[in-house]
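Chemist: Got a structure for you, questions after.
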Amino acid sequence: MGNIQGRPTPGRAHTAPGGVGFLVDGAQYSERETLNLQTAAGTRWKVTDNPGADRVDVGLELDAEIELARIAIDATVAPTTFLVIAPTAPQLGAWSARVVFRAVSVTGLASHPTLSVGTNNPNYDDQIPATALSFTGANQVRTERVASGVNVPEAAAGGGEIRVNLSVSAVATTYDIEAIVLGRVVE
Amino acid sequence: MGNVQGRSSRESTSPGGVEVQPNGAAGPTRDGVSLQSAITKGEIIGSDDAPNDTTNLAVWPAGTVQFARLLMNLAQSTPNLLTVLDPTALGVAGGFVERVWVRPVSLVGIIGNPDISLGTLGADYDNVIPLATVTSVAGNVFLLEPAGGVNLVYVPAGATLSLKLRTVANATLYLVEILVEGKIQRT
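Here it is in structure tokens:
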């Protein structure tokens, strides 16, 4: 891939701007001076010109179920909550659809913990109800989800939030889990 | 990959190259950018438009995405049929629905709730999500899913999938967003 001088910039008599070479998965693809970002199903490009820094900021947003948060939880500690997301403008709101609990370390087990996911109501259980886990060792997973055909509250931007609630602690030497919360954010 | 002229560009210039900054932090300047598929998992699709000296770029998520977001007043009888997936229009091989979220925007004077269904061309458009009553509550999202453990309709190019309003809401206003999620298969 060589030097591309390309076309001069209009109104800049001494310029000879270059192009950029593009490779896809390591394979040489093209050398062009323009990159056209195209929308595919479930994607939105967010492009902001930043002339002060002589750059263009490019983000790719997904209209899709995404991982809202991945939270490491020591389920032997006192009951507590863990923030998943607090949506902010221009987001309109967010809600969880599923949570996957993954056992990282379970030893010296006497009793299991109980967890739920929801908005900031007293019990944080209005999206995914409280569930007692039953892990007996590492590398076990369990999925809990929003029920079909019912209403679940959306966490609105500007104050609403979603949390994982550890409502009953485990009695164990270790009961380390990962809570992977999947859901939607809408703009 | 050859000569990189760097960022000298604006005045008397031999430009070329691009500085790639991850999240605004300083990064390397090179004359090529290699776009790499991620395992979690996007497919990068390029097309070279030589006459316009342009590289087209799209990213296709391999997971569940939103392929329709409809704003409908379910208290009105028209439109009572809206296309939510048209693989031909998207230029893809096909797709299928995994779930539908109903998100209220404005609910006024509700006396009776609406019925909807989702399916391919047929008498009732109900072979993906059968007749279901939406019972929206302000600030809540309502989930509808196809049944598990049964055969569902795959929508190939040439066919379309539609949402049908079967019973109009008895309400002054029943304005909702309908988010249809599923899998798009590009090829």
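Those protein sequences? They're chains A and B, same order as listed.
Mapping of the first sequence onto the numbering used here: position 48 corresponds to residue 46, and the numbering continues sequentially without gaps.
Mapping of the second sequence onto the numbering used here: position 80 corresponds to residue 86, and the numbering continues sequentially without gaps.
Where is the CB? At the ideal position from N, CA and C, for every residue including glycine.
Can you find a C-beta in chain A that's less than 8 Å from the C-beta of B:L149?
Modeler: As a first step, residue 149 of chain B is located in the second sequence; it is residue number 143 there, counting from the start. Output row for B:L149: interface = yes.
Chemist: Is the Cβ of B:R109 closer than 8 Å to any Cβ of chain D?
Modeler: No chain D appears in this structure, whose protein chains are A and B.
Chemist: By Cβ distance, which residues of its chain are closer than 7 Å to B:P152, with the 5 residues on each side in sequence left out?
Modeler: Taking the first residue of the second sequence as position 1, residue 152 of chain B is located at position 146. Closer than 7 Å at the Cβ level, and outside the excluded window around B:P152, lie V103, V134, I135, L158.
Chemist: So which residues on chain B does A:P151 lean against when the C-beta distance must stay under 7 Å?
Modeler: For the purposes of this step, residue 151 of chain A is taken as residue 153 along the first sequence, with counting starting at 1. Chain B residues near A:P151: G145, N146.
Chemist: Using DSSP's beta-bridge definition, name the partner residues of A:F20.
Modeler: Position 22 of the first sequence holds residue 20 of chain A. Paired residues: A:S28, B:V39.
Chemist: Report the CB separation of A:R143 from A:A95 in whole angstroms; it is logged as a contact under 8 Å.
Modeler: Numbered from 1 along the first sequence, position 145 holds the residue referred to as residue 143 of chain A. Numbered from 1 along the first sequence, position 97 holds the residue referred to as residue 95 of chain A. The pair is a contact, with the Cβ atoms about 7 Å apart (cut-off 8 Å).
Chemist: So who's on the other strand from A:G181, going by DSSP bridges?
Modeler: Numbered from its first residue, the first sequence carries residue 181 of chain A at position 183. Answer is A:I64, A:S94.
Chemist: Suppose the cutoff is 6 Å on Cβ atoms and the five residues either side in sequence are ignored; what does the same chain contact list for B:A74 look like?
Modeler: Position 68 of the second sequence, counting from 1, holds the residue named residue 74 of chain B. The residues are V90, V186.
Chemist: Roughly how many angstroms separate the alpha carbons of A:Q26 and A:F20, rounded to a whole number?
Modeler: Numbered from 1 along the first sequence, position 28 holds the residue referred to as residue 26 of chain A. Numbered from 1 along the first sequence, position 22 holds the residue referred to as residue 20 of chain A. Roughly 6 Å between the two C-alpha positions.
Chemist: With A:P151 as the anchor, note down where its beta strand (DSSP E) starts and where it stops.
Modeler: Translated into positions along the first sequence, residue 151 of chain A becomes position 153. 149 to 151 is the extent of the beta strand (DSSP E) around A:P151.
Chemist: Given this structure, state the Cα-to-Cα distance separating B:R13 from B:L76, to the nearest angstrom.
Modeler: Reading the second sequence from its first residue, position 7 is the one you call residue 13 of chain B. Reading the second sequence from its first residue, position 70 is the one you call residue 76 of chain B. Any answer about B:R13 is weak, because its pLDDT of 40 lies below 50 and its placement is not dependable; what the coordinates show is given next. The alpha-carbon atoms of B:R13 and B:L76 are separated by roughly 45 Å.
Chemist: Check distances from the C-beta atoms of the region 62 to 85 of chain B to those of chain A and list, in chain order, the residues that come in under 8 Å.
Modeler: If the cut-off is 8 Å between Cβ atoms, the region 62 to 85 of chain B has N62, L63, A64, V65, W66, P67, G69, T70, V71, Q72, F73, R75 near chain A.
Chemist: Could you name the residues of the same chain whose beta carbon sits closer than 8 Å to that of A:Q196, not counting the 5 residues immediately before and after it, in chain order?
Modeler: This structure does not reach residue 196 of chain A, given that chain A is present from -1 up to 185, and the question cannot be answered.
Chemist: Who are the Cβ neighbours of A:V150 in its own chain at under 7 Å, not counting the five residues just before and after it?
Modeler: Stepping through the first sequence from its first residue, residue 150 of chain A is reached at position 152. Once the five neighbours on either side are set aside, the close Cβ partners of A:V150 are W93, D124, Q125, V144.
Chemist: Can you look up B:E77 in the DSSP assignment and give me helix, strand or coil?
Modeler: As a working mapping, residue 77 of chain B is identified with position 71 in the second sequence. First, the amino acid is wrong: residue 77 of chain B is Leu here, not Glu. B:L77 falls in the strand class under three-state DSSP.
Chemist: Cα separation between A:V101 and A:P127?
Modeler: One-based indexing of the first sequence puts residue 101 of chain A at position 103. One-based indexing of the first sequence puts residue 127 of chain A at position 129. Checking the sequence, you will find Ala at residue 101 of chain A rather than Val. Their backbone Cα atoms lie some 19 Å apart in a straight line.
Chemist: Is the shortest distance between the beta-carbon of B:S112 and the beta-carbons of chain A less than 8 Å?
Modeler: Counting from one through the second sequence, the residue named residue 112 of chain B turns up at place 106. Taking Cβ atoms only, chain A never reaches closer than 8 Å to B:S112, which makes this a no.
Chemist: Using CA coordinates, which residue listed in A:Q36, A:R68, A:T78, A:G50 is at the minimum distance from A:L58?
Modeler: For the purposes of this step, residue 58 of chain A is taken as the residue at position 60 of the first sequence. Selected option, being the one with the closest Cα: A:Q36.
Chemist: Give the residues of chain B in contact with A:G24, contact being defined as C-beta atoms less than 7 Å apart.
Modeler: Translated into the one-based positions of the first sequence, residue 24 of chain A becomes position 26. Simply S40.
Chemist: How is B:N157 classed by DSSP in three states: helix, strand or coil?
Modeler: If you number the second sequence from 1, residue 157 of chain B lands on position 151. Of the three classes helix, strand and coil, the one that applies to B:N157 here is coil, per DSSP.
Chemist: Compute the Euclidean distance between the alpha carbons of B:A165 and B:P93, then round it to the nearest angstrom.
Modeler: Here residue 165 of chain B is taken as the residue at index 159 of the second sequence, counted from 1. Here residue 93 of chain B is taken as the residue at index 87 of the second sequence, counted from 1. Taking the straight line from one Cα to the other gives about 7 Å.
Chemist: Can you find the residues in the same chain that come closer than 8 Å, C-beta to C-beta, to B:E17, ignoring five residues on each side of it along the sequence?
Modeler: Locating residue 17 of chain B in the second sequence gives position 11, counting from the first residue. Residue placement at B:E17 cannot be trusted, given a pLDDT of 40 that sits under 50; what the coordinates show is reported in the next sentence. If we look at B:E17 and ignore the five residues flanking it on each side, it has no Cβ neighbours.
Chemist: What is the C-beta distance between A:T46 and A:D55, in whole angstroms, given that I count them as a contact (C-beta under 8 Å)?
Modeler: Position 48 of the first sequence, counted from the start, is the residue given in the question as residue 46 of chain A. Position 57 of the first sequence, counted from the start, is the residue given in the question as residue 55 of chain A. Contact holds; Cβ gap of about 4 Å.
Chemist: Using 10 angstroms around the beta-carbon of B:G188, count the other beta-carbons present and answer buried if the total reaches 16, otherwise exposed.
Modeler: Mapped onto the second sequence, residue 188 of chain B falls at position 182. Buried.
Chemist: Please state if the CB of B:L113 and the CB of B:L179 are separated by a distance shorter than 8 Å.
Modeler: Taking the second sequence and counting its residues from 1, the one referred to as residue 179 of chain B is at position 173. Taking the second sequence and counting its residues from 1, the one referred to as residue 113 of chain B is at position 107. Cβ distance < 8 Å, so B:L179 and B:L113 count as in contact.
Chemist: One question on the structure: do A:N118 and A:G181 come within less than 8 Å of each other, judged by their Cβ atoms?
Modeler: Numbered from its first residue, the first sequence carries residue 118 of chain A at position 120. Numbered from its first residue, the first sequence carries residue 181 of chain A at position 183. Contact flag unset, no.
Chemist: Taking only the alpha-carbon atoms, compute the straight-line gap between A:D174 and A:I71 and give it to the nearest angstrom.
Modeler: Looking up residue 174 of chain A in the first sequence gives position 176. Looking up residue 71 of chain A in the first sequence gives position 73. Whole-angstrom Cα-Cα distance: 6 Å.
Chemist: I think A:F99 touches A:L131, with their Cβ atoms under 8 Å apart; what is that distance to the nearest whole Å?
Modeler: Here residue 99 of chain A corresponds to residue number 101 of the first sequence, with the count starting at 1. Here residue 131 of chain A corresponds to residue number 133 of the first sequence, with the count starting at 1. Rounded, the Cβ-Cβ distance is 6 Å, consistent with contact.
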